[in-house]
Structure formats: C-alpha cells, structure tokens
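Residue numbers (the numbering used here): 8 to 573. In this text, a Cβ means the ideal position worked out from N, Cα and C, and glycines have one as well. On a predicted model such as this, the values are computed, not experimentally measured, just so you know. These notes concern the structure reproduced below.
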Amino acid sequence: MTSPLDPFHRPVGRRSLLMAAAGLAALGPVLSACGGSSSSAAPATPTGKPVYGGKLIWAVETQLSSANPHINGQDKARPILRNAFDSLIFRDADGKYQPWLAKTITPSTDGTTLTLELRQDVTFSDGEKFNAAAVIKNFDKLSDAKYATSAAGALSSLKKYEATGPYTVKFTLSKPDTYFLTWLAGVNAAPISPKSLALSLDDLQAGGTKIAGTGPFTISKYALNTEIVFTRREDYGWAPAAIAKGQKAAHLEQVTYRTLKEGSARTGALQRSQVDVASDIQPLDVETFTSNPKFGYVRATVAGSPYSLYLNVSKSPFEDIRVRQAFAQGADITAIVNSIYRGTYQRAWAPYNLVGPFQDPSLKNWLKFDKAAANKLLDEAGWKTKNSSGIRTKGGKTLTVTASTATDFVRESRDQLNVALGAALKQNVGIDYKYLPVDLGTDTAKGKANQYEVFDNSYGGADPVVPFDLLYYSSDPSRGYIARGRYNDKKLEKWLDDARFSNDTAARKKTYASVQEYVTKEKYYTVPLAVTQDTYAYNAEKVAGIVADPASGGPFSAYTAWVASK
Numbered sequence: 008m009t010s011p012l013d014p015f016h017r018p019v020g021r022r023s024l025l026m027a028a029a030g031l032a033a034l035g036p037v038l039s040a041c042g043g044s045s046s047s048a049a050p051a052t053p054t055g056k057p058v059y060g061g062k063l064i065w066a067v068e069t070q071l072s073s074a075n076p077h078i079n080g081q082d083k084a085r086p087i088l089r090n091a092f093d094s095l096i097f098r099d100a101d102g103k104y105q106p107w108l109a110k111t112i113t114p115s116t117d118g119t120t121l122t123l124e125l126r127q128d129v130t131f132s133d134g135e136k137f138n139a140a141a142v143i144k145n146f147d148k149l150s151d152a153k154y155a156t157s158a159a160g161a162l163s164s165l166k167k168y169e170a171t172g173p174y175t176v177k178f179t180l181s182k183p184d185t186y187f188l189t190w191l192a193g194v195n196a197a198p199i200s201p202k203s204l205a206l207s208l209d210d211l212q213a214g215g216t217k218i219a220g221t222g223p224f225t226i227s228k229y230a231l232n233t234e235i236v237f238t239r240r241e242d243y244g245w246a247p248a249a250i251a252k253g254q255k256a257a258h259l260e261q262v263t264y265r266t267l268k269e270g271s272a273r274t275g276a277l278q279r280s281q282v283d284v285a286s287d288i289q290p291l292d293v294e295t296f297t298s299n300p301k302f303g304y305v306r307a308t309v310a311g312s313p314y315s316l317y318l319n320v321s322k323s324p325f326e327d328i329r330v331r332q333a334f335a336q337g338a339d340i341t342a343i344v345n346s347i348y349r350g351t352y353q354r355a356w357a358p359y360n361l362v363g364p365f366q367d368p369s370l371k372n373w374l375k376f377d378k379a380a381a382n383k384l385l386d387e388a389g390w391k392t393k394n395s396s397g398i399r400t401k402g403g404k405t406l407t408v409t410a411s412t413a414t415d416f417v418r419e420s421r422d423q424l425n426v427a428l429g430a431a432l433k434q435n436v437g438i439d440y441k442y443l444p445v446d447l448g449t450d451t452a453k454g455k456a457n458q459y460e461v462f463d464n465s466y467g468g469a470d471p472v473v474p475f476d477l478l479y480y481s482s483d484p485s486r487g488y489i490a491r492g493r494y495n496d497k498k499l500e501k502w503l504d505d506a507r508f509s510n511d512t513a514a515r516k517k518t519y520a521s522v523q524e525y526v527t528k529e530k531y532y533t534v535p536l537a538v539t540q541d542t543y544a545y546n547a548e549k550v551a552g553i554v555a556d557p558a559s560g561g562p563f564s565a566y567t568a569w570v571a572s573k
C-alpha cells in the first residue's frame with residue numbers, strides 16, 4: 008500500500024494533491040499543487056541521509072495561549088504541540104484509524120465499544136510509565152468540569168472508560184460516535200503524565216516545562232506568547248508507522264518556535280538567516296521566496312471549516328433572512344479575497360474545505376455579488392432610509408453589525424479582509440459592518456452576553472464532525488462550544504446527529520452535503536470567505552524532512568525534519 012505521505016504517489020481526490028518540488032528527496036518539504044507557488048529554479052534542498060543533530064528555529068505568527076494540549080484550541084498550535092504529545096490512535100488520509108500509542112484498535116460490531124491494547128515500551132518524558140492506569144487518569148481529568156477544556160462535546164457519548172488489563176483500555180459509548188474517534192486521534196486528547204495531572208490547576212492549564220507527554224521532544228522552555236523550545240528525547244521510538252518510516256528518535260537536537268506577529272518580521276528573519284523556517288507567509292512576500300532558489304515555499308490546503316462569517320440569527324438584524332442574504336450578496340467577496348491575498352489564497356464557497364471525502368465542490372460559485380438584489384432585499388426588510396453617512400436606518404436604528412473576534416485569532420490578514428468587506432458593504436448597500444478585535448477575555452464576555460452580530464472563525468478538523476458540531480449545534484453548549492450563530496435549528500441538528508452517530512461513510516457524506524447547502528444557499532447562516540491553508544518558507548540549503556499530517560494537510564511536527572549543518 009502506498010504511504011499517504013509519499014508526495015509522488017499520494018491518492019488523488021483524498022485532499023489537495025501534494026507534489027514535491029523538482030529535486031526534493033522523498034522526506035523533503037512538499038508543495039500543494041492546488042494553487043501552490045513554485046520557484047523559478049528548484050530549491051537546493053539537502054539530499055542524502057538525514058543528519059542526526061542540529062537545531063532548527065521556526066518563526067510563527069501564533070501566540071500560544073497555553074502549552075497544554077488539552078487546553079489549547081488554536082489550529083496553528085497543533086503541529087507545534089505535537090512535538091511533545093502523542094495520541095492513542097492515528098488518522099490516515101483515508102479517514103481510517105491506525106495504531107500509535109495503542110498497538111491494536113478493536114471496535115465492536117455495533118460501534119459502541121472500543122478496546123485499545125497499548126504499547127508496553129512507551130514512557131512519558133518525566134520517566135513515568137505509559138499504561139492503562141495513566142490513560143484512565145487522563146480521562147478522569149478530562150471529565151472534570153473545572154478543567155477548562157472543550158472535551159465535553161467529544162465525551163458526550165462516553166458512558167464508561169475502564170482499564171481491563173495493565174495495558175488494555177475499553178471505552179463504552181451510548182452509540183457509535185465519529186466525533187469521539189476523531190478527537191481521540193487529535194492532539195487535544197494526547198495523554199500527559201500522571202505527575203503532570205497532579206499539578207495545581209493553574210500550572211496544569213498553563214502548560215510548559217512541567218507538563219510531560221510521550222512525544223519525541225520535551226518542552227525545555229516556554230515563554231507565554233513569545234517562544235517555546237523543544238529538546239530531543241533520545242529514548243523515543245513509537246511514532247506512527249506512516250510518519251516514522253523506520254525512524255526512531257527525532258533527527259533534530261532542538262527546535263524552537265518563535266512568535267513574530269508581523270509578517271514582515273518573519274520574512275526578514277528568514278532572509279537574514281535568523282530563523283530557518285517561517286510560517287504564514289504574507290501575500291506580498293510570497294514572490295520573495297518563490298523567485299529565489301535559496302528558499303522553498305510550501306502551500307497546502309488544510310482540512311476543516313474555512314475562514315467564514317457566522318451570522319447571529321438570534322437578534323436584529325440577522326434574524327431576518329433577507330438581511331443575511333443582502334449581507335452575503337452585497338459585496339464582491341471574490342474580488343476582495345483576490346485583492347487582499349493576491350492569488351495566494353482561494354475564495355471559499357463551502358462550509359468545509361475541499362479536502363477529504365466530505366467536501367462539496369457543487370457549491371462553487373453559488374453566491375453571486377448582486378448589488379441591486381441586495382438593496383432590494385434591504386428595502387423589503389424595512390431598512391429603506393439612510394443617514395448622512397450612507398448607513399441604512401429603520402425605526403431610528405442604524406443597520407450596524409459588529410464582529411465578535413479575539414486578537415489571539417487574528418492572523419493571515421483577516422483584519423484587512425474584514426475592513427475591505429466593511430467598506431464594500433457600506434458603499435454598496437449601506438450596511439455598517441465593524442470588525443473590532445478585542446482581548447480574549449472581552450471577546451468571551453461579549454459572546455456570553457450576545458453582544459455581537461457576526462462571529463468570524465476557521466476551525467481545523469480532519470472530519471466535519473468536529474467543526475460542524477462546535478459551530479452549529481447551538482441547543483447544547485457542551486457540543487456547540489463556539490456556536491455563536493445561535494441557530495437553534497432542529498432540522499440542522501438532526502442532520503448533525505445523523506452524521507455524527509454513524510459509521511456509514513457514504514451516508515455521512517450525503518448528510519454533510521445537505522448540511523453545507525442548508526447553512527449557505529438556503530439559510531444564509533454562514534458566509535465562507537477564504538480557504539484555510541498552511542504556508543511556510545524555509546532555507547532550502549539547510550532544511551529538509553518536514554512532512555504533512557495526512558489527516559489535516561498541515562505540517563505534522565518537526566519530528567522528521569533535519570538540518571544539513573549543526
């Protein structure tokens with residue numbers, strides 16, 4: 008069977024076809040053929056056997072809100088934290104589950120029990136033994152309401168978990184649950200050591216050097232929002248077979264992820280060799296790296312919900328579908344996306360990226376920019392007059408809508424995208440759309456108080472079950488953890504239940520197609536803007552071996568990476 012990570016033989020149609028730049032070794036960084044940029048000359052990537060040793064510095068835009076994998080829900084944090092934290096099972100490119108910390112995976116015929124036989128050679132980085140007792144202690148903590156995780160939704164069908172042997176764990180579900188399986192394979196369910204779990208709640212939730220996982224590196228330094236440093240574990244040897252391909256310990260002695268919020272700072276640092284890899288390359292900087300063979304540039308579409316606007320239907324003005332439709336039609340979103348990103352990002356049409364078996368390509372071009380139609384809809388909705396600023400009014404109120412967003416999640420020029428959208432809506436149809444990022448605490452408070460009209464979000468997920476539950480299941484906060492559209496739509500939630508609590512892939516695909524059309528074309532709950540992706544540039548004379556996570560499409564971690572000089 009061909010490895011899903013082999014860039015030359017990756018199955019077409021599973022996700023964006025990955026292909027290697029000319030001259031890259033099989034373990035070299037890979038490029039997405041779907042809109043990816045390529046160098047005018049092939050990068051001079053190191054070849055031959057990977058070098059054991061050396062240090063790598065990776066500049067990122069993301070400020071890590073926590074270094075505990077159970078707590079941190081940032082998409083961009085996952086490949087970073089994956090360096091220190093393994094999962095019980097591994098999801099491949101076909102959506103199938105493979106062994107990882109569990110050496111065998113045995114589901115019952117009806118899908119209501121899952122028995123994992125654990126590896127017996129695994130240890131946590133603090134020396135503690137990984138066994139069934141350690142897994143049970145993790146689930147005890149994850150089930151604790153005081154432990155501020157989003158695990159409640161994933162565990163909602165879990166009736167019982169037990170150690171049936173020193174290295175055997177059995178999970179009993181009330182019904183088959185694809186969410187539970189997807190979550191179990193993700194970094195948010197990665198086990199941490201019992202000693203770590205015994206820390207004070209503040210220390211545990213912050214994470215960092217006191218938190219021990221089973222991964223190929225340990226966290227040797229963590230500075231909140233600034234830097235995290237990982238140091239190699241010499242005794243590591245249990246990565247998933249599809250990733251490791253025979254590799255045991257990591258090649259790198261040390262890897263540092265350094266937060267540089269400004270895109271120009273990341274670009275400059277890479278050009279001056281202050282860092283070896285830089286993520287989230289700004290559109291204006293792409294040509295800097297694609298035109299110079301000293302550098303490589305990687306662009307890969309990732310799984311999950313694209314960057315979208317979720318309209319709050321629980322209050323004025325978006326309780327009226329005519330206003331929602333006018334908001335969606337009142338600006339030329341395609342032109343705005345192309346202008347802001349200069350062709351380096353694709354316009355999103357569907358509520359799930361075109362990755363994996365659940366994509367819905369039939370939604371392409373469903374939404375048309377129609378200024379006249381949008382103005383007519385607003386007139387019909389009673390927003391007929393305009394004030395001196397050109398903003399529509401009704402009953403003494405202005406047609407003003409504000410976005411709920413936290414500065415922690417503003418990245419990839421999203422602020423510029425929303426400002427441009429607001430300008431277009433004001434000019435074209437008289438909607439006053441305000442995008443005003445605030446600190447995370449303020450944003451959380453505004454969300455609870457329902458003091459917003461628009462929620463902007465993208466959410467990575469190897470299966471729609473996770474982002475769709477989180478974003479659309481409004482009636483149950485444990486499931487709709489960020490369902491700020493406040494839809495409370497029973498028809499929608501019935502579909503979400505049907506797809507979640509089923510192991511029939513064909514039926515789930517059909518159901519998710521209905522969901523995607525319903526929340527866009529029929530109800531205008533969601534306005535997709537830009538396809539989410541991972542981009543990074545690297546020093547091609549020095550760096551090799553970065554591979555993609557076959558389930559998500561983004562970088563897996565720095566485990567397979569190596570550098571040509573120490």
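Rounded to a whole number of angstroms, what is the C-alpha to C-alpha distance between residue i and residue j?
i      : j      : result
THR171 : ALA140 : 10 Å
ASP184 : LEU191 : 11 Å
ALA161 : LEU206 : 24 Å
GLN332 : ASP242 : 57 Å
LYS177 : VAL129 : 19 Å
TYR151 : GLY337 : It should be pointed out that residue 151 corresponds to Asp in this sequence rather than to Tyr. Those two C-alpha atoms are separated by around 46 Å.
THR527 : ASN425 : 19 Å
LYS56  : THR295 : 29 Å
ASP101 : THR120 : 22 Å
ARG89  : SER163 : 25 Å
ALA251 : ASP483 : 40 Å
PRO364 : GLN289 : 30 Å
VAL344 : PHE334 : 16 Å
ILE235 : GLY311 : 26 Å
THR189 : PHE97  : 9 Å
VAL293 : LYS498 : 44 Å
ALA257 : GLN81  : 24 Å
TRP502 : LYS530 : 15 Å
ARG306 : ALA272 : 19 Å
ASN382 : GLU326 : 17 Å
Taking buried to mean at least 16 other C-beta atoms within 10 Å of its own C-beta, is residue i buried or exposed?
i      : result
TYR59  : exposed
ARG239 : buried
SER559 : buried
ASN510 : exposed
ARG279 : exposed
THR113 : exposed
LYS83  : buried
THR392 : exposed
SER572 : exposed
GLY134 : exposed
ALA431 : buried
Please work out which residues of its chain come closer than 6 Å, Cβ to Cβ, to residue i, disregarding the five sequence neighbours upstream and downstream, and give them in chain order.
i      : result
SER286 : VAL67, TYR543
Which same chain residues, not among the five before or five after residue i, have their C-beta less than 7 Å away from its C-beta?
i      : result
ALA155 : ILE78, GLN212
VAL282 : ILE64, TRP65, ALA66, ARG265, ALA276
PHE563 : PRO86, ARG89, ILE250, VAL554, ALA555, ASP556
TYR5   : Nothing about residue 5 can be read from this structure; the chain reaches only from 8 to 573.
LYS516 : PRO364, PHE365
VAL472 : THR185, TYR186, THR189, ALA506, ARG507
GLU500 : TYR480, SER482
SER73  : ASN79, GLN212, ALA213, GLY214
Would you say the beta carbon of residue i comes nearer than 7 Å to a heavy atom of the ligand SAH?
i      : result
LYS153 : Among the ligands in the structure shown, none appear at all, so the ligand SAH cannot be discussed.
Apart from the five residues just before and just after residue i, which ones in its own chain have a Cβ nearer than 8 Å to its Cβ?
i      : result
TYR315 : It is Ser, not Tyr, that sits at residue 315 in the sequence shown. Closer than 8 Å at Cβ, skipping near neighbours: ALA355, PRO358, ASP463, ASN464, SER465, THR533, VAL534, PRO535, LEU536.
GLN366 : ALA357, TYR359, ASN360
THR400 : TRP390, THR392, LYS393, ASN394, LEU406
ILE340 : ARG354, LEU374, PHE376, LEU428, VAL534, LEU536
My guess is that residue i and residue j are in contact by the Cβ rule of under 8 Å, so how many angstroms apart are they, rounded?
i      : j      : result
ILE226 : ALA91  : 5 Å
LYS182 : PHE508 : 5 Å
ALA574 : TYR519 : Because the chain spans 8 through 573 in this model, residue 574 falls outside it and cannot be assessed.
LYS144 : PRO201 : 5 Å
LEU6   : TYR174 : This structure does not reach residue 6, given that the chain is present from 8 up to 573, and the question cannot be answered.
LYS148 : LEU204 : 5 Å
LEU477 : ALA456 : No, LEU477 and ALA456 are not in contact; Cβ-Cβ is about 20 Å, not under 8 Å.
Counting Cβ pairs, one atom from each stretch, are 3 or more of them under 8 Å apart for the region 265-274 and the region 510-526?
-> The region 265-274 is not in contact with the region 510-526.
Report yes or no: do three or more beta-carbon pairs, one from the region 455-462 and one from the region 404-421, lie closer than 8 Å?
-> yes
The region 465-476 contacting the region 429-448, beta-carbon criterion three pairs below 8 Å | The answer is no - the region 429-448 does not touch the region 465-476, with fewer than three Cβ pairs under 8 Å.
Does the count of Cβ pairs from the region 245-257 and the region 219-234 closer than 8 Å reach three?
-> yes
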